[in-house]
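>
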Ligand SMILES: [Zn+2]
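In this note's numbering, the protein residues as written are 42 to 351.
Okay, here's the thing in structure tokens:
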């Protein structure tokens, strides 16, 4: 098999898992690359669209109501994103509002041109707009919302239909769903300004939770996740697409454990919400500790064009 992350061809370790988000339990075969340990589906289902029913999109929160940011709110956001940082207060706020942190690390400000690929209903862009970000675009071939307002656009379109010139392109849990991730990254690279950053948030194969639960790992999400790269796989995929990984962090949360525990007991995502507060707290602590050790099961990768200065 050819690894869609590192690009090497070899014999993969195969295992069978099943669809559990909706509890359909259709079997799906996955393979682990012996070189980079990324996981990928053996055969992409020909009826992939059937695995994204209308209620898949309703799992996303609806876009919040738009408010025009007042000058104080905007000044506060600008201080947080563009200010000197480093203080205890700013560190605490950046943990509370991770989207400011993503922009800050990417070297972006409130006036940067930002694109969210696979933006769903545009909820994150609406939040950014509420804090004064002034040049926001979202694209999603399946979005229910289309908008063309000053400084805020959401288009129901494929990436290839978009122009370029972005300072920051974000992909939040999208790359793992794409049939040709290398080509998609190349498309994105062509749309970045010099010095721009691509932010990829994605489940991480080989992480602690992935190893612990194997085929029952919630973030494998068969058969929708076609490729779940390891950290090494992400580096190799980035290199093959003309990028380098400029920075990596981890933002796994308790749901990775809670739903994997349910899947292990054959309880689907839609079956029973894991709502025991003590359990939640326990797993939240485990997830935070795993993130700190570089073992979180969700990664945040900032990619820069390989030719850009280090
Ligand atoms: Zn590989």
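C-beta: ideal position from N, C-alpha, C; glycine also.
Bear in mind that the values here come from a model prediction, so they are computed numbers and not experimental data.
(1) Could you spell out where the beta strand (DSSP E) holding residue 164 opens and where it closes?
(2) If residue 177 and residue 169 are in contact, beta carbons under 8 angstroms, what's the gap, nearest whole angstrom?
(3) Is residue 76 closer than 8 angstroms to residue 47 when the C-beta atoms are compared?
(4) Could you say if the region 287 to 297 and the region 49 to 67 meet the contact criterion of at least three C-beta pairs nearer than 8 angstroms?
(5) By DSSP, does residue 244 sit in helix, in strand, or in coil?
(6) Name the one or two DSSP bridge partners that residue 239 has.
(7) Kindly provide the ranges of any beta strand (DSSP E) runs that are 3 or more residues long and lie completely inside the region 74 to 141, ordered along the chain.
(8) Sorted by chain position, which residues of the same chain lie with C-beta nearer than 8 angstroms to residue 51's C-beta, five sequence neighbours on each side aside?
(9) Where DSSP assigns a beta bridge to residue 71, which residues make up the other side?
(10) Would the beta-carbon of residue 281 be found less than 7 angstroms away from any heavy atom of ligand 1?
(11) Who are residue 285's beta bridge partners in DSSP?
(12) Excluding five sequence neighbours on each side, which residues of the same chain lie with their C-beta closer than 6 angstroms to the C-beta of residue 342?
(13) By Cβ distance below 7 angstroms, which residues in the same chain neighbour residue 174 in space, the five residues on each side in sequence not counted?
(14) If residue 346 sits next to residue 229, beta carbons under 8 angstroms apart, how far is it from one beta carbon to the other, in whole angstroms?
(15) According to the Cβ coordinates, are residue 90 and residue 83 closer than 8 angstroms?
(16) Please report how far the alpha carbon of residue 348 lies from the alpha carbon of residue 199, in whole angstroms.
(17) Is residue 155 close to chain C, meaning its C-beta is less than 8 angstroms from at least one C-beta of that chain?
(18) Run the CB neighbour count on residue 351, radius 10 Å, all protein chains shown included, and call it buried at 16 or more, exposed below.
(19) In the DSSP assignment, what residue or residues form a beta bridge with residue 186?
(20) For residue 157, which beta-bridge partners are listed by DSSP?
(21) What's the gap between the Cα of residue 330 and the Cα of residue 268?
(22) Is the closest heavy atom of ligand 1 to the C-beta of residue 266 under 7 angstroms?
(23) In chain order, what residues of the same chain have a beta carbon less than 8 angstroms from the beta carbon of residue 149, not counting five sequence neighbours either side?
(24) Ends of the alpha helix (DSSP H) at residue 230?
For this structure:
(1) For this step, residue 164 is matched to residue 123 along the chain shown. No beta strand (DSSP E) holds residue 164; the alpha helix (DSSP H) holding it covers 164 to 171.
(2) What you label residue 177 is simply residue 136 of the chain shown in a count that begins at 1. What you label residue 169 is simply residue 128 of the chain shown in a count that begins at 1. Their Cβ separation, rounded to whole angstroms, is 6 angstroms, which keeps residue 177 and residue 169 in contact under 8 angstroms.
(3) Start at 1 with the first residue of the chain shown, and residue 47 comes out as number 6. Start at 1 with the first residue of the chain shown, and residue 76 comes out as number 35. For residue 47 and residue 76, yes; Cβs fall inside 8 angstroms.
(4) no
(5) Along the chain shown, one-based indexing puts residue 244 at 203. Of the three classes helix, strand and coil, the one that applies to residue 244 here is strand, per DSSP.
(6) Taking the first residue of the chain shown as 1, we reach residue 239 at position 198. According to DSSP, residue 239 bridges with 210 and 344.
(7) 80 to 82
(8) Working through the chain shown from its first residue, we reach residue 51 at position 10. Taken in chain order, the residues that qualify are 42, 44, 74, 75 and 76.
(9) For this step, residue 71 is matched to residue 30 along the chain shown. Answer by DSSP bridge pairing, in chain order: 56 and 82.
(10) Sequence index remark: in the chain shown, residue 281 carries index 240 (1-based). The answer is no for residue 281.
(11) For the purposes of this step, residue 285 is identified with residue 244 of the chain shown, where counting begins at 1. Beta-bridge pairing links residue 285 to 345.
(12) Here the question's residue 342 lines up with position 301 in the chain shown. Only 241, 275, 286 and 289 meet the Cβ criterion.
(13) Your numbering for residue 174 matches position 133 in the chain shown. 151 and 155, listed in sequence order.
(14) Your numbering for residue 346 matches position 305 in the chain shown. Your numbering for residue 229 matches position 188 in the chain shown. Not confirmed; about 10 angstroms, so no contact.
(15) Start at 1 with the first residue of the chain shown, and residue 90 comes out as number 49. Start at 1 with the first residue of the chain shown, and residue 83 comes out as number 42. Result no, Cβ atoms of residue 90 and residue 83 do not sit closer than 8 angstroms.
(16) Here residue 348 is taken as the residue at index 307 of the chain shown, counted from 1. Here residue 199 is taken as the residue at index 158 of the chain shown, counted from 1. For residue 348 and residue 199, the distance between alpha carbons rounds to 27 angstroms.
(17) No chain C is part of this structure, which consists of one protein chain only.
(18) To locate residue 351, count along the chain shown from 1; it is residue 310. Legend: pLDDT at residue 351 = 49, less than 50; position of this residue unreliable, value from coordinates given subsequently. Exposed is the call here.
(19) The residue given as residue 186 occupies position 145 in the chain shown. Answer by DSSP bridge pairing: none, since residue 186 is not bridged.
(20) Along the chain shown, one-based indexing puts residue 157 at 116. For residue 157, which the question treats as bridged, DSSP gives the partners 179 and 211.
(21) Here residue 330 corresponds to residue number 289 of the chain shown, with the count starting at 1. Here residue 268 corresponds to residue number 227 of the chain shown, with the count starting at 1. Rounded to the nearest angstrom, the two C-alpha atoms are 25 angstroms apart.
(22) For the purposes of this step, residue 266 is taken as the residue at position 225 of the chain shown. Incorrect: residue 266 has no Cβ contact closer than 7 angstroms to ligand 1.
(23) Counted from its first residue, the chain shown places residue 149 at position 108. Once the five neighbours on either side are set aside, the close Cβ partners of residue 149 are 122, 155, 208, 209 and 238.
(24) As a working note, residue 230 is residue 189 in the chain shown. Looking at the DSSP string, the run of the alpha helix (DSSP H) that includes residue 230 is 222 to 230.
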